[in-house]
Amino acid sequence: MSFAGYQRQNGTVGTRNYVGIISMVCCANDVAWWISQGVEGCVPFLHSHGCGQTQPDLDLVTRTITSVGWNPNLAAVLLVSLGCESVLVDKIAEGIMQTGKRVEKVIIQKIGGSTRAVAEGCRLARSMVIEVSKLRREDFPDSALMMGVKCGASDTTSGLAANPIAGAACDLLIDHGGSCVFGETTEFIGAEHILAQRAARPEVAQKIRNIVELMEKRAMAMGFDMRGGQPTAGNIAGGLTTIEEKSLGAIVKGGSKPIQEVYEYGERPQGNGLFIVDTPGREPEFLTALAAAGCQVVVFTTGLGAPQGFPFIPVIKVTSNPTTYERLEDHIDMFVEPTINGDSGITQAGEALYQEILAVASGKQTKAEVTGYGNFPNIFTLGPTI
Amino acid sequence: MKQRAVILNVEDNVATALVDLKSKDGLELKFAGGTITIELNSDIPFGHKFSIANIEHGSQVIKYGEAIGIAKVKIHPGDYVHVHNVESARGRGDLYGGTK
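Residue numbers (our numbering), protein chains in the order written: chain V, 1 to 386; chain U, 1 to 100.
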């Protein structure tokens, strides 16, 4: 099986061909936004971080922004810096340049304010857009794909059909030599012993248990027992009885293959297979982690209807809730009957989803892309703002 | 004809309603393990569960082929299964001691 993508200098393949306007720090967001809106073919990456944080968080933010710049869907990158932020624009630029792609930067305080920064940024961005527009799609095997999987605004239907089908598509991609990434550590709680059983090596099983324990400890440090509040009143009204049931319904989205490795937030998985990235469940932070990992396409299952995509990665929305599919047709790409029953129904629907993934990878637009919804990603950080 | 409830795994002892179901409804459910007939003892709303087997007090409630909780009382086929008669092991897989 194959798809049509863009060859990158480092051997990876993009499913989109954007120039990324990446903000280094919250204070530079406005300029990055204005540049991205002033030039066709650009996408903004904005966030709330980059300064006023502890060094471990600054390191995490640096690693994440660098990895975001590495994503194969960005053909070239413009970094927008204020000038006094704690993350180092030169270090990030050097890191991204290792991919071979063109990296430019604009520093607001140096160039003399936002108007001059926007003018220079647009000039550079226009030159990059014209240059990368010369690239054409070529055929590549599906093994060149790394797919991210998320479940959001989940309800009972998510675990009945949408998630199992996403899992079936993951299994297919991995069988074809590709990779899948899932995360949302919060959603493992109650089912981590099951995930641990699927670890490829004992140290991976231990990492799975560790990341769940760390997530719970962080909440407990604030006096909040994560297992105590789960399932939520909304989940219970929807039919989910225990945290185990909720988490089991969530983890099926990652399919059935062995888990090769557990990565930290902002890291880039190496090799092929199924990977976990340690992340929270919230969309802005998790989608960024998928971008940082190198995902070129994302399958996002939803029960109640989560609308957002991501600035430069196509996000395919799948639901098994017929009301959601009807009411939120602006945001949902695919409906899967919740009555899908038994292994053969799941397999067939998984194959249909897989074909859709290849079509989207080759250029078919998703609802999130055509609505332009998804301008507010963020980066997950561990510590306080200081 | 569309199934009105689904059994997700051959090991499961509960089914999930795909439409609002009524007490005394009779259902014929096909799944990988064969076909079973159940008469409901309660109304079961969309997305909620009912038992398809006898589940003794203290035994595991199984969905997705895994334990999702422990029965607080004896549960009969056709009974509504939810927070009133199932308790979580609070996600502590070790408390199930060897799943299933």
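We put the CB at the ideal spot given by N, CA and C, even for glycine.
Taking Cβ positions, are V:S114 and V:V13 nearer each other than 8 Å?
no
What residue from V:Q365, V:T301, V:E244 and V:V262 has the CA that sits closest to U:S88's CA?
V:E244
Flag V:G305 as yes if its beta-carbon sits less than 8 Å from any beta-carbon of chain U, otherwise no.
no
Span of the beta strand (DSSP E) around V:G152:
M146 to G152
Beta-carbon spacing of V:Y18, V:V39 below 8 Å:
It is not a contact, given that the beta carbons lie outside the stated cut-off.
Check whether the Cβ of V:L287 lies closer than 8 Å to any Cβ atom in chain U.
no
Interface positions of the stretch 246-274 of chain V facing chain U (Cβ-Cβ less than 8 Å), listed along the chain
S247, L248, G249 and V252
Can you tell me which of V:Q98, V:G152 and V:A93 puts its alpha carbon nearest to the alpha carbon of V:T324?
By alpha-carbon distance to V:T324, the top candidate from V:Q98, V:G152 and V:A93 is V:G152.
Secondary structure at V:D278, three-state DSSP: helix, strand or coil?
coil
Beta bridge counterpart(s) of V:M395 as assigned by DSSP
No information on residue 395 of chain V is available, as it lies outside the stretch 1 to 386 that chain V covers here.
Tell me the DSSP bridge mates of V:K110?
Its beta-bridge partners do not exist; DSSP assigns none.
Would a C-beta distance cut-off of 8 Å place V:I194 and V:I251 closer than the cut-off?
Less than 8 Å separates the beta-carbon of V:I194 from that of V:I251.
Would you call V:S256 buried or exposed, if buried means 16 or more other Cβ atoms sit within 10 Å of its Cβ?
It counts as exposed.
Spell out the partners DSSP gives V:V103 in its beta bridges.
V:V77
So with Cβ pairs under 8 Å, would you call V:T319 a contact of chain U?
Taking 8 Å as the threshold, the shortest C-beta distance from V:T319 to chain U does not fall below it.
Identify whether U:G98 lies in helix, strand or coil by the three-state DSSP scheme.
Confidence at U:G98 is low in this model, with a pLDDT of 43, below 50, so its placement is unreliable and no value can be given for it.
Taking 8 Å as the CB-CB limit, is U:V6 close to chain V?
yes
Within 10 angstroms of its Cβ, does U:N85 collect 16 or more other Cβ (buried), or is it exposed?
buried
Straight-line gap, U:N9 to V:R198 (C-alpha atoms, nearest Å):
18 Å
Assuming V:G303 contacts V:E187 (C-beta within less than 8 Å), just tell me the rounded distance between them.
Contact between V:G303 and V:E187 does not hold, since their C-beta atoms are separated by about 13 Å, which reaches or exceeds 8 Å.
Buried/exposed call for U:N54, threshold 16 Cβ in 10 Å
exposed
Give, in chain order, every unbroken run of the alpha helix (DSSP H) that is at least 4 residues long and sits entirely within the stretch 241-278 of chain V.
Look at the stretch 241-278 of chain V and you find these whole runs of alpha helix (DSSP H), each 4 residues long or longer: 243-251.
Pull up the CB-CB distance for V:Y373 and V:Q296, whole angstroms please, since I reckon it's below 8 Å.
With a Cβ gap of about 19 Å, V:Y373 and V:Q296 do not count as contacting.
Taking only the alpha-carbon atoms, compute the straight-line gap between V:V262 and V:A169 and give it to the nearest angstrom.
20 Å
DSSP bridge partner residues for V:A393 (one or two, in chain order)
Absent from the model: residue 393 of chain V. The displayed extent of chain V is 1 to 386, so no value can be given.
Just mark V:C84 as buried or exposed, buried being the case when its beta carbon has 16 or more other beta carbons within 10 Å.
exposed
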